[in-house]
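**Q** Just passing along the structure, written as structure tokens.
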Amino acid sequence: MTYRAPVADIAFALKHGTGFGPAMAQGLYGDLAEDVVDAVLAEAGRFASDVLAPLNAIGDRHGTPFRDGVVTTPPGWRQAYRDWAAAGWNGLAAPAQWGGQELPQAINAACLEMWNAACMAFGIGPVLTMAGVEALAHHGSDALKRIYLPKLVSGEWMGTMQLTEPQAGSDVGALRTKAERAPDGTYRITGQKIFITYGEHDFTDNIIHLVLARLPDGPPGTRGISLFLVPKFAVNPDGSLGARNDVRAHSVEHKLGIHGSPTCTMVYGDQGGATGFLIGEEHRGMACMFTMMNQARLAVGLQGVAIAERATQQALAFARERRQGRVSGASAETGSGSSPIIAHPDVKRMLLTMRALTRAARAICYATAVALDRAKLGANAATRQAAHERASLLTPAAKAFATDVGCEVASLGLQIHGGMGFVEETGAAQHYRDARIAPIYEGTNGIQAIDLVTRKLPLSGGATIKAYLDELRRTVETVNAANDPAFGWTGVRLGEAVDSLERATQWLLARPQQDAALAGATPYLRLFATAAGGALLAEEALAATRLPADAAADPAARIAIARFFAENIAVQAHGLERAVIEGADSVTGADAALAG
Ligand SMILES: Cc1cc2nc3c(=O)[nH]c(=O)nc-3n(C[C@H](O)[C@H](O)[C@H](O)COP(=O)(O)OP(=O)(O)OC[C@H]3O[C@@H](n4cnc5c(N)ncnc54)[C@H](O)[C@@H]3O)c2cc1C
């Protein structure tokens with residue numbers, strides 16, 4: 005089964021619960037009209053469903069053959085990329101000054117979800133170009149911006165982001181790629197990068213690599229790293245392409261999933277060094293990288309949402325068709341007399357888990373995007389700073405929770421297919437394989453959890469997380485005040501989840517950087533996202549009850565999902581809290597269990 009972009013549902017999730025609706029009403033986005041938002045989402049969804057989705061299985065089968073330094077992308081992909089870029093999608097949120105449309109990140113996030121759901125291996129390429137645009141626009145010199153930004157924004161050229169080396173993965177500070185100053189003010193880059201997404205391909209005539217490297221006098225660790233722009237082809241003063249730079253793809257990886265995305269080993273300096281141009285200041289490359297990291301991490305989180313949505317659609321369709329057994333009370337009037345498996349409570353539970361987790365992850369990701377918009381567009385420095393901290397707090401949860409959800413939901417989708425999920429022809433297995441990279445790249449989920457606990461909880465002396473807890477509590481109070489029996493135990497269970505989050509937060513804030521805190525980081529992140537996701541789903545349900553009858557609002561369905569989440573998933577919060585507070589010792593003191 006193919007993917008149909010759930011545009012109405014996505015538009016609803018964006019406008020209700022995430023803060024996008026109030027932001028629009030307050031004028032954060034100027035005169036941006038709701039019908040423009042709807043039209044953009046509808047068109048992005050059409051491209052996803054009609055053009056990209058049919059390419060997904062083709063990419064999985066063909067991969068990206070590599071011969072003599074040249075990568076061939078799967079049949080139809082190059083044209084699809086060019087059509088996608090020609091439609092202006094690459095510059096949706098990019099600065100107008102450089103040819104972009106400067107629409108909100110929140111809208112871009114919704115579109116990224118749809119493109120990645122249609123074809124994740126395709127979607128990851130533009131994510132890196134967009135992140136590169138962000139870094140260059142913030143930190144590049146005027147000359148670099150003039151030469152590179154218009155073509156990166158239009159998508160005529162694509163970008164890459166190059167941190168990883170064999171000995172430097174999570175530990176970026178261990179990188180050894182060298183940069184040496186040349187007399188003309190440029191730099192000579194030598195070394196090797198591994199696992200570089202779209203490091204080589206045939207989509208565009210030029211590829212603009214953003215590469216982290218170390219100058220000879222760079223201090224050790226992350227403080228000695230600088231960021232360089234290294235074009236595949238030099239650019240002449242008239243904008244035409246010049247000589248080939250001294251950088252090449254050495255090989256392409258054979259991977260578990262995202263076969264359509266070429267993952268390359270890159271070699272710099274076969275002929276003395278690739279020409280690189282400094283972005284920002286020497287030794288300050290990590291600061292530049294951090295600019296693009298919030299955005300890139302959110303985008304990878306959206307890949308988790310995307311694959312979960314696609315897997316859910318496919319599992320639902322299968323469960324309506326496949327008949328096995330007979331549920332109690334079913335009549336034998338149809339077919340063999342057996343029931344569609346969707347009628348079995350255990351299958352229903354799996355499907356509800358898929359839908360609830362997907363929507364919770366989507367809501368967290370969209371809320372993060374709105375915070376990024378507020379951080380950029382807020383009326384004054386104080387609101388921009390508060391929004392920046394909110395985005396920083398939410399980003400690790402958006403990345404790690406949503407990508408874990410991608411894997412869990414894809415796994416459930418496969419389970420619902422039974423044996424047909426394990427064979428390749430249904431496509432359920434491809435989602436499962438594709439989903440698996442997202443918890444690994446763009447900072448592993450373990451690193452995200454550590455980031456949340458050690459860097460984000462202490463923001464503003466704990467005031468950022470406290471303000472967020474207060475907001476979650478207000479949602480709980482609103483659910484309780486609604487006094488609507490359809491919500492069942494939603495208010496109570498969400499209230500308990502927020503209590504657990506608060507206790508775990510206080511415990512961690514008292515132990516920054518200690519091993520016990522690091523040991524509890526992953527359950528804490530899950531607890532955080534469980535409380536946040538439950539509250540956001542409740543907000544969506546509450547909004548639906550307030551709206552005039554509207555097919556997308558569907559209050560009964562939204563309340564059912566919020567309630568399912570609260571009563572079946574948020575109840576795990578207590579166990580997660582215990583794992584953070586009491587379980588840490590059993591991790592730090594258990595080396596004996598791993599000996600031998
Ligand atoms: C398909 C694919 C595409 C990629 N694309 C790119 C790209 O475009 N650009 C790029 O630069 N890189 C890219 N990467 C690299 C990716 O970002 C790294 O693989 C990732 O950051 C993890 O690094 P590593 O593989 O070295 O694992 P390691 O860092 O060795 O980690 C192994 C395990 O140890 C854990 N761990 C490591 N350090 C710590 C710590 N301090 N505390 C607790 N746990 C820790 C990790 O969480 C993980 O579970 C890509 C990788 C793949 C597979």
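According to this note's numbering, the stretch in the sequence shown is residues 5 to 600, in order.
Glycine included, each C-beta is placed from N, C-alpha and C at the ideal position.
Alpha carbon to alpha carbon, what distance is there between residue 404 and residue 553?
**A** Rounded to whole angstroms, the gap between the alpha carbons of residue 553 and residue 404 is 35 Å.
**Q** With distance defined between alpha-carbon atoms, name the residue in 391, 297, 348 nearest to residue 27.
**A** The residue with the shortest Cα to Cα distance from residue 27 is 391.
**Q** Do residue 416 and residue 529 have their C-beta atoms within less than 8 Å of each other?
**A** no
**Q** So for residue 528, helix, strand or coil by DSSP?
**A** helix
**Q** With respect to 7 Å, is the separation between the Cβ of residue 174 and the closest non-hydrogen atom of ligand 1 below this value?
**A** Yes - ligand 1 has a heavy atom lying nearer than 7 Å to the Cβ of residue 174.
**Q** Could you work out which residue in 270, 249, 499 is closest to residue 169 when comparing CA atoms only?
**A** The candidate whose alpha carbon is nearest that of residue 169 is 270.
**Q** Please confirm whether residue 253 and residue 75 have their CB atoms less than 8 Å apart.
**A** Yes, these two residues count as a Cβ contact at 8 Å.
**Q** Report all residues from its chain with a CB closer than 7 Å to the CB of residue 567; omit the five preceding and five following residues, and keep chain order.
**A** Take residue 567, set aside five residues on each side of it, and the residues of its chain with a beta-carbon closer than 7 Å to its own are 491, 492, 494, in chain order.
**Q** Under a Cβ-count criterion, where at least 16 other Cβ atoms within 10 Å of its own Cβ denotes burial, should residue 480 be classed as buried or exposed?
**A** Burial call: buried.
**Q** Decide if residue 204 is buried, meaning its Cβ has at least 16 other Cβ atoms within 10 Å, or exposed.
**A** buried
**Q** I'd like to know if the stretch 156 to 165 and the stretch 130 to 144 are in contact, where contact means that at least 3 CB-CB pairs between them fall below 8 Å.
**A** Note that the stretch 156 to 165 touches the stretch 130 to 144; at least 3 beta-carbon pairs, one per stretch, sit closer than 8 Å.
**Q** Which stretch, first to last residue, makes up the alpha helix (DSSP H) that contains residue 575?
**A** Run containing residue 575: none; DSSP gives neither H nor E here.
**Q** Under 8 Å Cβ to Cβ from residue 206, same chain only, skipping five residues before and after it: list those, please.
**A** 74, 75, 76, 77, 82
**Q** Along the chain, where does the beta strand (DSSP E) that runs through residue 184 open and close?
**A** Unbroken beta strand (DSSP E) run through residue 184: 182 to 185.
**Q** In whole angstroms, give me the CA-to-CA distance for residue 576 and residue 477.
**A** Residue 576 and residue 477: Cα-Cα distance of roughly 18 Å.
**Q** Need the endpoints of the alpha helix (DSSP H) that residue 118 sits in, please.
**A** Where residue 118 is concerned, the enclosing alpha helix (DSSP H) starts and stops at 109 to 122.
**Q** Could you have a look at residue 349 and say whether DSSP puts it in helix, strand or coil?
**A** helix
**Q** For residue 421, which of 44, 319, 442, 598 has the nearest alpha-carbon?
**A** Out of 44, 319, 442, 598, 319 has the C-alpha closest to the C-alpha of residue 421.
**Q** Just to check, is the beta-carbon of residue 445 closer than 7 Å to a non-hydrogen atom of ligand 1?
**A** At least one heavy atom of ligand 1 is nearer than 7 Å to the Cβ of residue 445, so yes.
**Q** For the candidate residues 526, 542, 387, 489, whose alpha-carbon lies nearest to that of residue 499?
**A** 542
**Q** Out of curiosity, what's the CA-to-CA distance linking residue 537 and residue 370?
**A** 11 Å
**Q** Using CA atoms only, rank isn't needed, just tell me which of 247, 486, 210, 311 is closest to residue 158.
**A** 210
**Q** What does DSSP give as the partner residue(s) for residue 292 in the beta ladder?
**A** DSSP lists no partner for residue 292.
**Q** For the stretch 104 to 117 against the stretch 9 to 27, do three or more pairs of beta-carbon atoms, one drawn from each stretch, fall closer than 8 Å, so that the two count as touching?
**A** In short, these stretches touch, since the Cβ pair count reaches three.
**Q** Give the straight-line distance between the Cα atoms of residue 488 and residue 496, rounded to the nearest whole angstrom.
**A** In a straight line, the C-alpha of residue 488 is about 13 Å away from that of residue 496.
**Q** Let me check you understand the geometry: is the CB of residue 290 closer than 7 Å to at least one non-hydrogen atom of ligand 1?
**A** Answer for residue 290: no, Cβ out of range of ligand 1.
**Q** Are there three or more Cβ pairs, one per stretch, closer than 8 Å when the stretch 319 to 335 is compared with the stretch 344 to 362?
**A** Result yes; three or more Cβ-Cβ pairs closer than 8 Å.
**Q** Using 8 Å as the threshold, is the C-beta distance between residue 428 and residue 304 below it?
**A** no
**Q** Around the C-beta of residue 138, are 16 or more other C-beta atoms found within 10 angstroms, so that it is buried, or is it exposed?
**A** buried
**Q** By the 10 Å Cβ neighbour count, where 16 or more other Cβ atoms means buried, how is residue 285 classified, buried or exposed?
**A** Under this definition residue 285 is an exposed residue.
**Q** Determine the direct distance from the alpha carbon of residue 385 to that of residue 426, and round the result to whole angstroms.
**A** 53 Å
**Q** Could you tell me if the beta carbon of residue 199 falls within a distance shorter than 7 Å of some heavy atom in ligand 1?
**A** yes
**Q** Taking the alpha carbon of residue 24 as the point to measure from, which residue in 107, 99, 85 has its own alpha carbon closest?
**A** 107
**Q** Enumerate in chain order the residues of its own chain whose CB-to-CB distance from residue 62 is below 7 Å, with the five nearest sequence positions on each side excluded.
**A** 78, 79, 80
**Q** State the DSSP-derived secondary structure class of residue 191, mapped to helix, strand or coil.
**A** strand
**Q** Label residue 586 either buried or exposed according to how many other C-beta atoms from any shown protein chain fall within 10 Å of its C-beta, with 16 as the threshold for buried.
**A** exposed
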